[in-house]
Amino acid sequence: MKGIASDTLKDSPHYIRREILAGLARHGYIVDRKPLERPSSDDVLVIWNRTRSDIFFAERYEAVGAKVIVVENGYIGKDQESRQLYAMALGFHLGAGTWVEGPTDRWKLLEMTPQPWRAGGREIVVLPQRGIGTPGIAMPLSWPDEVGARLRKVTDRPIRVRKHPGRARTEPYDELKNAWAAVTWASGAGIKSIFAGVPVIHELPSWIGAPAARLGLEHLEDPFIGDRMPMLRRLAYAQWTVDEIKAGEPFHWLLA
């Protein structure tokens, strides 16, 4: 028997708590426990994003060498079979955390083919997010207005701001139809933009999509249009289907 797997997940279908606990139990962990007062290095904590309410618990576990699994909605949303994907990494979200890329091409297993890079387009589309998470990694709440002001100083292109859809989980593709490039702090919508063939400028250096995008507004007119597959293959090991999570597959890599 391994250690104890504690969590702060809400017990509702949206947070797939039961499936996560089932996957951890398959790996020999004692599950369904609140965060421990005195965790050991063999224990695990599972949290949804790394919100202010969970930072204290996460730091308590990390201080003794225990692993903290951060869960969120998947970066690409759904696969070709419309199965919802969920992101998982150690420590942090958005690429600031760590995970293992296995030898198998998981992206190929997802059967998702990126669209060719956009040849035209006129607009700059700003893709904000909710700004939930750890300060310094989460999007600053002032960022949408602030980046809009900076964009107007450096480009004559039309600027479109796509409001975050909240829990509606609507996709950004309609707003990207006339896009030259998308600008994001570090959003999942930015990953979907790359997938749709729209180049992305980002402003969080550690963003998971960074290897297939460019950092900084100075690249508006020379965005990345190179090979996306190394980023997508690595990203595939940071997001999983419900069935894979229930079977414990992501924990094989995260808790090895």
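To convert, count from 1 in the sequence shown and add 350; that's the numbering used here.
Just so it is clear, CB atoms sit at the ideal spot from N, CA and C, and this is done for glycine as well.
Original post:
Considering only residues of the region 373-421, which uninterrupted alpha helix (DSSP H) runs meet the minimum length of 4 residues and lie entirely inside it, listed in chain order?
Top reply: 402-413
Original post:
Do A532 and V592 have their CB atoms nearer than 7 Å?
Top reply: no
Original post:
D393: which of Y411, I541, L435 sits nearest, CA to CA?
Top reply: Y411
Subject >> Three-state secondary structure assigned by DSSP to H602 >> reply: helix
Subject >> Where the beta strand (DSSP E) through M438 begins and ends >> reply: 434-440
**OP:** Go through its chain and collect everything with a Cβ distance to T484's Cβ below 7 Å, but skip five positions before and after it.
**Re:** R400, I405, F442
Original post:
Is V497 buried or exposed, if buried means 16 or more other CB atoms sit within 10 Å of its CB?
Top reply: Sixteen is the threshold: when 16 or more other Cβ atoms of the shown chains lie within 10 Å of the Cβ of V497, as they do, the residue is buried.
**OP:** May I ask you to list the residues that DSSP assigns as paired with E473?
**Re:** A529
Original post:
Which same chain residues, not among the five before or five after D382, have their C-beta less than 7 Å away from its C-beta?
Top reply: L371
**OP:** Report yes if the C-beta distance between D429 and L460 is below 7 Å; otherwise report no.
**Re:** Yes; because the gap between Cβ atoms is below 7 Å, this pair is in contact.
Original post:
When the Cα atoms are used, what is the spatial distance from M581 to A539?
Top reply: Rounded to the nearest angstrom, the two C-alpha atoms are 15 Å apart.
Subject >> Inter-residue spacing [alpha-carbon to alpha-carbon] between K417 and N528 >> reply: 43 Å
Original post:
With 16 as the cutoff for other CB atoms within 10 Å, does S537 come out buried or exposed?
Top reply: buried
Original post:
Name the DSSP bridge partner or partners of H552?
Top reply: T534, L565
Subject >> Spatial distance of Q465 from E525 (CA atoms) >> reply: 16 Å
**OP:** Hey, could you find the ends of the alpha helix (DSSP H) R510 is sitting in?
**Re:** That residue, R510, is in no alpha helix (DSSP H); its beta strand (DSSP E) goes 509-511.
Original post:
At what residues does the beta strand (DSSP E) containing A355 begin and finish?
Top reply: 354-357
Original post:
By Cβ distance below 7 Å, which residues in the same chain neighbour A446 in space, the five residues on each side in sequence not counted?
Top reply: I487, S556
Original post:
With which residues is T448 paired in a DSSP beta bridge?
Top reply: Answer is L440, bridged to T448.
**OP:** Please determine, among S543, F574, R388, the residue with the shortest C-alpha to C-alpha distance to E521.
**Re:** Here the closest residue by C-alpha is S543.
Original post:
Out of P494, I541, W590, G598, which has the shortest C-alpha to C-alpha gap to K513?
Top reply: P494
Subject >> Length of the line joining the Cα atoms of L565 and P385 >> reply: The alpha-carbon of L565 is positioned some 37 Å away from that of P385.
Subject >> Supposed contact pair W449 and L605 - C-beta distance, whole angstroms, cut 8 Å >> reply: W449 and L605 do not touch by the CB rule: their CB atoms are close to 11 Å apart, not below 8 Å.
Original post:
Contact check, Q589 vs Y365 under 8 Å by CB: the rounded distance?
Top reply: Actually they do not touch by this definition, with Cβ atoms about 15 Å apart.
Subject >> Alpha carbon of W467 to alpha carbon of E571, nearest angstrom >> reply: 14 Å
Subject >> Cβ pair K596, G373 closer than 7 Å >> reply: Taking the C-beta atoms as reference points, G373 is found nearer than 7 Å to K596.
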